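Colleague:
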Ligand SMILES: [Cu+2]
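Residue numbers (the working numbering): 1 to 151.
1. Can you give me the start and stop residues for the beta strand (DSSP E) that residue 80 sits inside?
2. Short check: CB of residue 119 to CB of residue 59, under 8 Å?
3. Could you check if residue 91 is buried or exposed, using at least 16 other CB atoms within 10 Å of its CB as the buried criterion?
4. Taking its Cβ as the centre, do 16 or more other Cβ atoms sit within 10 Å of residue 78, making it buried, or is it exposed?
5. Nearest-angstrom Cα distance between residue 139 and residue 44?
6. What do you get for residue 100, buried or exposed, if any count of 16 or more other CB atoms within 10 angstroms of its CB means buried?
7. Once the 5 residues before and after residue 123 are set aside, which same chain residues still bring their CB inside 8 Å of it?
8. Please name the residue in 62, 57, 71, 67 whose C-alpha comes closest to that of residue 114.
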């Protein structure tokens, strides 16, 4: 658990009492789980590394309706992308001509050797592919899944 989440809780006396009760009954893991189920109380973040044109995680699971920050670290000497969405989104990008992405949170260019963060709220539970649509990268295997679970 990060310290900022703890200190933020301490500044809210009303919630401190609730968290204290959870701490007694469930321990530290229980606190994290309780916060994870209370949107807005605890930031949700996931990290995905890219190395040798491969995402280091095939699946990430996130809660619906919560802002999730996804940290994308590209260790390669070439650019990659993280584009997440439904079949329509991916079909558009397979045929697309946009060389750089940056204006949509769900479509991120991660230049060689850099780290990018994007924050997305997935409103509808389900499974959504994330893919790098630079030429040849999807066929090479740059595909993963975001599983969005309901509350
Ligand atoms: Cu790529």
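Built from N, CA and C at the ideal position, the CB exists for glycine as well. In this text the structure is predicted, and so the values were computed from the model without any measurement.
Modeller: Quick look at the numbers:
1. Locating residue 80 in the chain shown gives position 80, where the first residue counts as 1. Residues 80-85.
2. To locate residue 119, count along the chain shown from 1; it is residue 119. To locate residue 59, count along the chain shown from 1; it is residue 59. Going by C-beta atoms, residue 119 is not nearer than 8 Å to residue 59.
3. For this step, residue 91 is matched to residue 91 along the chain shown. With fewer than 16 other Cβ atoms within 10 Å, it is exposed.
4. Indexing the chain shown from 1 puts residue 78 at position 78. Residue environment analysis places residue 78 among the exposed positions, since fewer than 16 neighbouring C-beta atoms fall within 10 angstroms of its C-beta.
5. Translated into positions along the chain shown, residue 139 becomes position 139. Translated into positions along the chain shown, residue 44 becomes position 44. Their Cα atoms are separated by approximately 30 Å.
6. Walking along the chain shown from the start, residue 100 turns up at place 100. Answer is exposed; the Cβ neighbour count stays below 16.
7. Sequence index remark: in the chain shown, residue 123 carries index 123 (1-based). So the list reads 64, 65, once near-sequence residues are dropped.
8. As a first step, residue 114 is located in the chain shown; it is residue number 114 there, counting from the start. Nearest option by C-alpha distance: 71.
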